[in-house]
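Engineer: Below you will find the structure I want to go over with you.
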DNA sequence: GGTAGGATGGGCT
DNA sequence: GCCCATCCTACCC
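Residue numbers (our numbering): 143 to 334.
Quick look at the structure:
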């Protein structure tokens, strides 16, 4: 598998919505497994009460207030971990939830980790599923995504695509905001 | 094809 | 004590 360069830190030092859109089509890599990011959600912080960072700096949310290009991983529903990418310039909160991947490398390893997935489309088409498929855990909290075993890279062949926009999934606060972004027509998104 | 309900535990009020 | 940025199974068209 040949991929382009690792995204530099400056890629992430921008507005949360712009980052959520720009991450579509880029490739999330963990060890020997990798997938194209096909679905994201923006969590800008501030007035957005759905953002964990909107209630201020706590032990859980501290990485969101730090330097961009790091991993914010949190535990939810007693069972699952969700993977976010810290964005915005350092000191300003903002993160992007990665909700679905199109698997492109390490498929056998993903299938072993996700025996419940009957089809390839189900390996990583949800935020809890993709962390299991790639082996991302709370130990990756704060990981630097510009170096090491968990990184984001440019794709080998950048594709052009339309971006579909919808409200975010599974939240109650600010539920109507159009902050979910998908590669239009992609089969690997969590839902239309 | 669709959905209701349960699993399961950390974070925060 | 309540609330979750979820997923899977069972069950029902």
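All residues carry an ideal CB built from backbone N, CA and C; glycine is no exception.
Tell me, which residues are paired with residue 183 by DSSP?
Structural biologist: Beta-bridge pairing links residue 183 to 239 and 322.
Engineer: Taking the DSSP output, what are the residues bridged to residue 176?
Structural biologist: Answer is 171 and 247.
Engineer: For residue 323, I'd like the list of residues in its chain whose CB is within less than 8 Å of its CB, leaving aside the five on either flank, ordered along the chain.
Structural biologist: For residue 323, where only same-chain residues beyond five positions count, the Cβ hits under 8 Å are 162, 163, 166, 181, 182, 183, 184, 305, 306 and 307.
Engineer: Nearest to residue 219 by alpha carbon, out of 248, 330 and 312?
Structural biologist: For the residues 248, 330 and 312, the minimum Cα distance to residue 219 belongs to 312.
Engineer: Look at the alpha carbon of residue 229 and the alpha carbon of residue 238, and state the distance between them as a whole number of angstroms.
Structural biologist: Cα to Cα, the separation comes out at about 7 Å.
Engineer: Does the structure place the segment 204-215 close enough to the segment 272-292 that three or more beta carbon pairs sit under 8 Å?
Structural biologist: They touch, by the three-pair rule.
Engineer: Once DSSP output is grouped into helix, strand and coil, what is the label at residue 287?
Structural biologist: Coil, per DSSP.
Engineer: Taking just the CA atoms, how far does residue 145 sit from residue 302?
Structural biologist: Near 17 Å, if we compare the C-alpha coordinates of residue 145 and residue 302.
Engineer: When DSSP builds the beta bridges, which residues end up paired with residue 226?
Structural biologist: Bridge partners of residue 226: 214 and 239.
Engineer: Does the Cβ-Cβ distance between residue 275 and residue 285 come in under 8 Å?
Structural biologist: Not in contact: residue 275 and residue 285 (Cβ atoms no closer than 8 Å).
Engineer: On the three-pair Cβ rule with 8 Å, is the segment 198-206 touching the segment 148-157?
Structural biologist: Contact fails: fewer than three Cβ-Cβ distances are below 8 Å.
Engineer: If you draw a straight line from the C-alpha of residue 171 to the C-alpha of residue 206, how long is it?
Structural biologist: When rounded, the distance between both Cα atoms is 21 Å.
Engineer: Could you spell out the range, first to last residue, of the alpha helix (DSSP H) harbouring residue 273?
Structural biologist: Element bounds for residue 273: 269-276.
Engineer: Would you mind reading off the limits of the alpha helix (DSSP H) that contains residue 152?
Structural biologist: Taken as a continuous stretch (DSSP letters only), the alpha helix (DSSP H) holding residue 152 covers 151-154.
Engineer: Whose CA, out of 252, 250, 271 and 263, lies closest to the CA of residue 240?
Structural biologist: Minimum Cα distance to residue 240 is reached at 271.
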